[in-house]
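Residues 1262 to 1334 (the working numbering) make up the sequence shown, in order.
Quick reminder that beta carbons are idealized off the backbone N, C-alpha and C, glycines included.
A short worksheet on the structure shown next.
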Amino acid sequence: MKNPFQHNEGTFYALQNHKGQYSLWPSFLDIPEGWDIRYGEASREDCVSYIETHWSDIRVQSGNEALAGTSYE
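This is the structure:
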């Protein structure tokens, strides 16, 4: 069986978890616990584009919040 995450003809979701991380997810699989659909059901290309547009900082949110109060002076 081919990797379902690389199947260009399939449909996908763009998922997001509570830490702000995104995942590309094949639409025929159950959504894992702790993840919510943010975009789709759409083509793989459209979902990847959505993720690239909306997830510009790959650090988890808790790390981002901790760094926000840090001074580097």
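- Taking 8 Å as the upper bound for CB-CB distance, Trp1296 and Gln1322 are not in contact here, some 14 Å apart.
- Contact check for Glu1302 and Tyr1283: beta-carbon distance about 16 Å, past the 8 Å limit, so the pair fails to qualify.
- For Asp1291, the three-state secondary structure derived from DSSP is coil.
- Close CB contacts of Leu1290 within its chain, under the 8 Å cut and outside five residues either way in sequence, are with Pro1265 (chain order).
- If the five residues before and after Trp1316 are omitted, its C-beta is found closer than 7 Å to the C-beta atoms of Tyr1283, all from its own chain and listed in chain order.
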